[in-house]
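Working notes, structure below.
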Amino acid sequence: MLDIHRLRVFRSVVASGSVQGAATHLGYTPSAVSQHINQLQRETGLTLFEKAGRGICPTPTGRLLAEQSDDAMGALARLDNVVTDLRQGRTGSLSIACFSSAGEEWVPKLVAKLQREFKNVLITVDLNEHTESARPECDLDIRTEDLSEKPSHIKGYTRHELTTEPYVAVLPAKHPLAERDEISMSDLAEDPWVDDSNEDQTCGRILRRAIDKSGVAPRMVAACQDHHTSFALVAAGIGVTLAPRLTLGALPRRARAVPLSSPEIRRGICVHVRDAAAGSPVTRRALELLHEIAPDEQ
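All residue numbers for the sequence shown refer to the working numbering, where the first residue is 691 and numbers rise by one.
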C-alpha cells in the first residue's frame with residue numbers, strides 16, 4: 691500500500707523539477723523531502739529519479755507513476771471535500787466548469803434554483819475555456835462544440851447535449867446596417883473587423899471555417915481574447931465582429947446585434963457529467979435544470 695503523503699511529496703518534486711522547489715512549495719526542508727522520496731523508492735522497489743547535472747529528474751518510471759496517480763489524487767481531494775462539507779454541516783457539494791458566457795447567463799440562474807432546493811450544498815464555479823486540453827476536475831463541465839466535428843467523449847464523464855445557438859453580427863449603433871432585420875457576411879466585407887477568436891479553441895475554429903466558406907477576407911484591425919473587450923471596441927466604432935447569441939448580455943448600449951442570415955453559423959453546447967457524481971441528487975437536479983434553462987435562452 692502506497693503512503694499517500696509520500697506520494698504527494700513525490701508528485702511535488704516531479705511538478706517542481708527539483709527537491710528544493712518541492713521543499714519550498716511544501717514548507718519542508720530539502721532533507722525531509724529527500725527522505726520521503728528515498729522511502730517511497732524503497733516501498734515500491736522502483737527507481738523514480740536519476741541524477742541530472744547537480745540535480746535530479748524523474749525516470750520514465752517516475753513520470754509514469756506521477757501521471758497514473760492523477761485519478762487517485764483527484765479522488766482523495768474529493769474525499770477531503772466531503773469530509774470538510776460534513777464537518778461544516780453541509781450535506782454535499784457540486785463543482786461546475788463552464789465557458790464565460792454560460793457563466794454569465796446560465797450559471798447564476800442554475801445556482802439560484804439549486805440553492806433554494808439544496809440549502810446546505812456548496813457550489814463552486816470555474817472557467818474552462820482556456821483549458822480544452824486540461825479538463826478541470828468537476829462534476830458538471832459545460833462546453834461549446836463545433837457541430838462539424840465528432841462529439842467529444844471524455845473518460846469518466848457522460849455527455850449530454852443541451853442546445854445549439856446562432857452567431858450574430860455585432861455592429862456600432864450608428865452603422866448603416868445596424869437597423870436591418872438580418873445581414874449576410876458579404877454585407878460586411880468592406881468593414882474593418884475586430885477579432886476575439888482563438889484558433890486553438892472551439893469558437894475560433896467555427897468562425898475560421900465560416901469565414902473561409904463565405905469567401906470574405908475580413909480586414910482585421912484589432913484582436914482581443916474575450917467578447918467583453920471586442921464589444922467595447924465595436925461600440926467605440928473600431929469595427930464589426932461576430933459573436934454567439936449567448937454573449938449578448940454583455941452588449942454595450944452603443945452596439946447593435948443583427949441576425950446573420952448568410953451563412954448561418956451555429957455552435958453546439960453540451961455538458962459532461964462526471965460518472966462518479968451522476969447519482970447525487972444535486973447533480974441530477976442540476977442536469978434537469980440545465981435542460982430547462984438552455985433551450986429557453988435560444
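Backbone N, C-alpha and C fix where the C-beta goes; we use that ideal spot for every residue, glycine too.
Notebook entry, point to check: According to the neighbour-count rule (16 or more other Cβ atoms, all chains shown, within 10 Å of its Cβ), is SER823 buried or exposed?
Noted result: Residue confidence for SER823 is low, a pLDDT of 47 falling below 50, so the modelled location carries little weight; the figure read from the coordinates is stated next. It is exposed - the Cβ of SER823 has fewer than 16 other Cβ atoms within 10 Å.
- Task: Using alpha carbons as the reference points, say which of ALA926, ILE896, GLY905 lies closest to LYS864.
- Result: ALA926
*Could you check the C-alpha separation between TRP883 and PRO862 for me, to the nearest Å?*
11 Å
- Query: Rounded C-beta distance between LEU932 and TYR857? I'm assuming under 8 Å.
  - Reply: 5 Å
I think THR919 touches ASP886, with their Cβ atoms under 8 Å apart; what is that distance to the nearest whole Å? 7 Å
Between the Cα of PRO841 and the Cα atoms of VAL961, LEU697, ALA966, LEU754, which residue gives the shortest distance?
VAL961
DSSP has PHE739 in a bridge; who is on the other side?
PRO748
- request: For the segment 803-872, list the beta strand (DSSP E) runs that are entirely contained and at least 3 residues long, ordered along the chain.
  value: 811-817, 830-835, 847-862
Could you spell out the range, first to last residue, of the alpha helix (DSSP H) harbouring ALA722? 720-734
Quick check on the burial criterion: 16 or more other C-beta atoms within 10 angstroms. Buried or exposed for THR661? Residue 661 falls outside the range modelled here, since the chain spans only 691 to 988, and no answer is possible.
GLY958, enclosing alpha helix (DSSP H) - first and last residue: It is not in any alpha helix (DSSP H) - GLY958 instead sits in the beta strand (DSSP E) that spans 956-964.
Nearest residue (CA-CA) to CYS914, options ASP965, LYS903, SER904, ILE928: ILE928
**Asked** In its own chain, which residues sit with a C-beta less than 8 Å from the C-beta of VAL906, not counting the 5 before and 5 after it?
**Response** MET875, SER876, LEU878, ALA879
Next on the checklist: Suppose the cutoff is 7 Å on Cβ atoms and the five residues either side in sequence are ignored; what does the same chain contact list for ARG909 look like?
Outcome noted: PRO882, TRP883
Report task. Look at the Cβ atom of ALA912, then the Cβ atom of LEU923, and state whether they are nearer than 9 Å. Result -> yes
Beta strand (DSSP E) containing THR931: first to last residue?
-> 931-934
query: From THR821 to ALA868, what does the alpha carbon distance come to, in whole angstroms?
result: Confidence is the limiting factor: at THR821 the pLDDT is only 49, short of 50, which leaves the residue's position unreliable, though a coordinate-based value still follows. Rounded to whole angstroms, THR821 to ALA868 spans 35 Å at the Cα level.
Local conformation of ALA705 per DSSP, three classes
helix
Point to revise | Own chain residues within Cβ distance below 6 Å of GLU987, not counting five before or after | key: Bear in mind that a pLDDT of 47 at GLU987, under 50, signals an unreliable position, so the model cannot answer this.
Quiz item: Do you know offhand how far LEU979's Cα is from VAL811's?
Solution: 16 Å
Requested in this report: Find the nearest neighbour of ILE983 within the set GLU851, PRO949, VAL948, ILE901, judged by alpha-carbon distance.
Outcome: GLU851
Practice problem: Might you give, ordered along the chain, the residues of its own chain that have their beta carbon closer than 6 Å to the beta carbon of THR973, omitting 5 neighbours on each side? | Solution: ASP829, ALA967
Report the rounded CA-to-CA distance for SER791 versus ASP916, giving the unit in angstroms. 10 Å
Can you say whether ALA756 is buried or exposed, counting buried as having 16 or more other CB atoms within 10 angstroms of its CB?
buried
Per-residue burial, ILE955 [other beta carbons within 10 Å of its own, 16 or more giving buried] | buried
Considering only residues of the same chain and omitting the five flanking positions on each side of ILE832, which have a CB-CB separation below 6 Å?
CYS788, ALA792, VAL961
Could you work out which residue in ASP693, ALA742, GLY717 is closest to ALA707 when comparing CA atoms only? Reading off the sequence, residue 707 comes out as Gly, not Ala. The shortest C-alpha separation from GLY707 is found at ALA742.
Given a cut-off of 9 Å, decide if ASP965 and LYS848 are closer than it, judged by their beta-carbon atoms.
A small fix is needed here, since residue 848 is Thr in this sequence, not Lys. Yes, the pair counts as a contact, with Cβ atoms nearer than the cut-off.
Along the chain, where does the alpha helix (DSSP H) containing ILE928 start, and where does it finish? Unbroken run through ILE928: none, as it is neither H nor E.
Taking all protein chains shown into account, do 16 or more other C-beta atoms lie within 10 angstroms of the C-beta of THR719, making it buried, or fewer, making it exposed? exposed
May I ask you to report which of helix, strand or coil DSSP gives LEU784? strand
| task | With DSSP collapsed to three states, give me the class of ARG944. | result | coil
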